[in-house]
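Chains as they are written, first to last, in the UniProt record's numbering: chain A, 1 to 225; chain B, 1 to 225.
Beta carbons: idealized from backbone N, C-alpha and C, even for Gly.
Computed from a prediction, not measured in an experiment: that's the story for all the values here.
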DNA sequence: ATGAAAAATCGTACAGCGTTTAATTTCAGT
DNA sequence: ACTGAAATTAAACGCTGTACGATTTTTCAT
């Protein structure tokens, strides 16, 4: 066969990605295959490969979409949010909501292992870092103080943002995860709440040894529940 | 062909699992296959299937070994540990060390998705709960107090143990994870330290609103660094 | 001791997978 | 109209896990 010109190159890529997205909305990644997607869009498997490079590259592209969507939702959630602790809570809730709504896409994006030693592209890593950055941004707004009473260093904030992200991610695994990780006696909201309340409580009170009192007053804090 | 009697049924299972273990010590799960393992042990693929039921069941059995090993190491680490906060730190460090030493086995155990709707056996879930239980145990030793100054409820401790585990797991993903999650500017130890210090600081000081002072004195706490 | 049943092992076949190759048809530019 | 490039596919390749049937060995009752 030959050139059909039903779709332009870009149209075909969009159609493919849309089909993948819809498939993963219903079925897990293991049930997806290049041949199934090809059949769904009415093209031959080789056409998709020709368009994306490989099935793995198609998955990477789909994951990029997922990360973008998650970032957009997160950014929207913290826009116009003046209270950084509230911002962090909102970020966490967006993550949990997304992991629950699109578990298969969420899993694929964060569990995906590249087949060989083929490193995944930089623009993919930077998408993940953009997610971390949302936490970093809220954190640096907390004006939390370090031991000596000085502002926390950039490195401290960097680490704390990773810790926050990791905690939220781990909790989402328990709350929305398939496989061996399934928690039914504690809700995701409960876990997120306990995590953020306690971590931020201590984090924002310098290191908790009360050289300094927190900038946030207790009654302000209690409104965050 | 027919019965060879080179190995008993149990011997063959042990041999198979040992081969899987050794394979995963060197190579990632995606590179493993039923046929490769069969070739390595000198049996036909169908023999393994006949012995374990399916390739998926073999993986589940291998994961059981991983979870057992992790539990044994963890239990050893907190045996004779009188200080519960130190115990929790040791648990976290064992997890991180294991995830770093056997990343492929670790990943397979926690990421494994069951193929179909075939639920994974109860004895597998209970193995994971046994891991949580180690955290629960240390936590209930902290004698942390709740808002009203009373001991924390079982439900609170339950949630807190999940939060701790989830946080440690998430951090291990960043520290030892392949794929899209790789943190190079913050070490796993730094992240674990910040996580545990801050979370426990607040958790053990009731909810931080200082109805009650913590049972653990500040100078005790500082020795945990 | 003998015959029958059960168990173990494997070769073969099957359907599906991602990917490569070669052929074919169409489009764009001259 | 002619030519070279681009797009699309069918077919084949080497994998994958699994089902089936045949074959041999062990086990056990008689």
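Ignoring anything shorter than 4 residues, give me the alpha helix (DSSP H) runs that lie fully in the region 125-206 of chain B, in order along the chain. Listed in chain order, they are 154-176, 188-204.
Using C-beta distances below 6 Å, list every residue in its chain close to residue 139 (chain B), excluding the 5 sequence neighbours before and after it, in chain order. Counting only Cβ-Cβ distances below 6 Å, and skipping sequence neighbours, we find 157, 160, 161.
Could you please give the first and the last residue of the uninterrupted alpha helix (DSSP H) stretch that includes residue 43 (chain A)? Note, residue 43 (chain A): premise wrong, no alpha helix (DSSP H); not H, not E.
For residue 112 (chain B), collect the residues of the same chain with a Cβ closer than 7 Å to its Cβ; drop the 5 residues on either side in sequence, then sort them by chain order. The residues are 59, 63.
Partner residues on chain B for residue 111 (chain A), Cβ-Cβ distance less than 8 Å: Neighbours of residue 111 (chain A) on chain B, chain order: 111, 179.
On the DSSP letters alone, give me the boundaries of the alpha helix (DSSP H) that residue 30 (chain B) sits inside. Unbroken run through residue 30 (chain B): none, as it is neither H nor E.
State yes or no: is the beta carbon of residue 50 (chain B) nearer than 8 Å to at least one beta carbon in chain A? Taking 8 Å as the CB threshold, residue 50 (chain B) stays off the interface with chain A.
Can you tell me whether residue 106 (chain A) is buried or exposed, with buried defined as 16 or more other CB within 10 angstroms of its CB? Residue 106 (chain A) is classed as buried because its beta carbon has at least 16 other beta carbons within 10 Å across all chains shown.
Which residue marks the beginning of the alpha helix (DSSP H) containing residue 280 (chain B), and which one marks its end? Beyond the ends of chain B as shown, which are 1 and 225, falls residue 280 (chain B); an answer cannot be given.
Can you look up residue 208 (chain B) in the DSSP assignment and give me helix, strand or coil? Legend: pLDDT at residue 208 (chain B) = 41, less than 50; position of this residue unreliable, value from coordinates given subsequently. It is coil, neither helix nor strand.
Would you call the region 4-21 of chain A and the region 40-47 of chain A touching, i.e. three or more CB-CB distances under 8 Å? Touching, yes.
Between residue 203 (chain A) and residue 167 (chain A), what straight-line distance do the alpha-carbon atoms span, to the nearest angstrom? Cα-Cα distance, rounded: 14 Å.
Should residue 9 (chain B) and residue 51 (chain B) be called a contact, given that it needs their Cβ atoms to be closer than 8 Å? With respect to residue 51 (chain B), residue 9 (chain B) sits close: the two C-beta atoms are nearer than 8 Å.
Mind the definition here: the region 87-94 of chain B touches the region 60-79 of chain B only if three or more C-beta pairs lie below 8 Å; say whether that holds. Yes: the two stretches touch, three or more of their Cβ pairs being nearer than 8 Å.
I need the DSSP call for residue 112 (chain B), collapsed to helix, strand or coil. Residue 112 (chain B): coil per DSSP, three-state reduction.
Short Cβ contact (8 Å threshold) for residue 99 (chain A) with residue 176 (chain A): Yes, the pair counts as a contact, with Cβ atoms nearer than the cut-off.
Closer than 9 Å between beta carbons: that is the criterion. Which residues of the region 16-35 of chain A meet it against chain B? From the region 16-35 of chain A, only 28, 29, 30, 31 have a Cβ closer than 9 Å to chain B.
Following the continuous alpha helix (DSSP H) through residue 69 (chain A), name the residue where it begins and the one where it ends. First-last of the alpha helix (DSSP H) with residue 69 (chain A): 55-78.
Comparing alpha-carbon positions, which option in A:110, A:135, A:134 lies nearest residue 124 (chain A)? In this structure, A:110 is the residue among A:110, A:135, A:134 with its C-alpha nearest to the C-alpha of residue 124 (chain A).
Rank B:72, B:184, B:153, B:141 by C-alpha distance to the C-alpha of residue 130 (chain B) and give the top, closest one. Ranking the options by Cα distance to residue 130 (chain B), first place goes to B:72.
Could you check what DSSP says for residue 7 (chain A) in three-state terms: helix, strand or coil? Coil, per DSSP.
So that I know if they touch, is there some Cβ in chain B lying closer than 8 Å to that of residue 86 (chain A)? No, residue 86 (chain A) does not count as interfacial toward chain B.
Can you give me the C-alpha to C-alpha distance between residue 120 (chain B) and residue 55 (chain B), rounded to a whole angstrom? When only Cα atoms are considered, residue 120 (chain B) and residue 55 (chain B) end up about 13 Å apart.
So, does the CB of residue 201 (chain A) fall closer than 8 Å to a CB anywhere in chain B? Chain B contact via Cβ: present.
Through-space distance from residue 164 (chain B) to residue 173 (chain B), alpha-carbon basis: The straight-line gap from Cα to Cα measures roughly 14 Å.
As a quick exercise: from A:25, A:36, A:96, pick the residue whose alpha carbon is nearest that of residue 74 (chain A). For the residues A:25, A:36, A:96, the minimum Cα distance to residue 74 (chain A) belongs to A:96.
Can you give the Cα-Cα distance for residue 26 (chain B) and residue 33 (chain B), rounded to whole angstroms? Rounded to the nearest angstrom, the two C-alpha atoms are 14 Å apart.
If the cut-off is 9 Å on Cβ atoms, which residues from the region 115-143 of chain A count as contacting chain B, listed in chain order? Against chain B - using a Cβ distance shorter than 9 Å - the residues of the region 115-143 of chain A are 115, 116, 120, 124, 125, 127, 128, 132.
Would you say residue 215 (chain B) lies against chain A (beta-carbon separation less than 8 Å)? In this prediction, residue 215 (chain B) has a pLDDT of 38, which is less than 50 and means its spatial position is unreliable; what the coordinates show is noted afterwards. It does not: the Cβ of residue 215 (chain B) has no partner Cβ on chain A nearer than 8 Å.
Against residue 183 (chain B), what residues of chain A qualify as contacts under a CB-to-CB distance less than 8 Å, listed in chain order? For residue 183 (chain B), the residues of chain A that pass the 8 Å Cβ criterion are 162, in the order they occur in the chain.
For residue 133 (chain A), collect the residues of the same chain with a Cβ closer than 6 Å to its Cβ; drop the 5 residues on either side in sequence, then sort them by chain order. Excluding positions up to five away in sequence, the list is empty.
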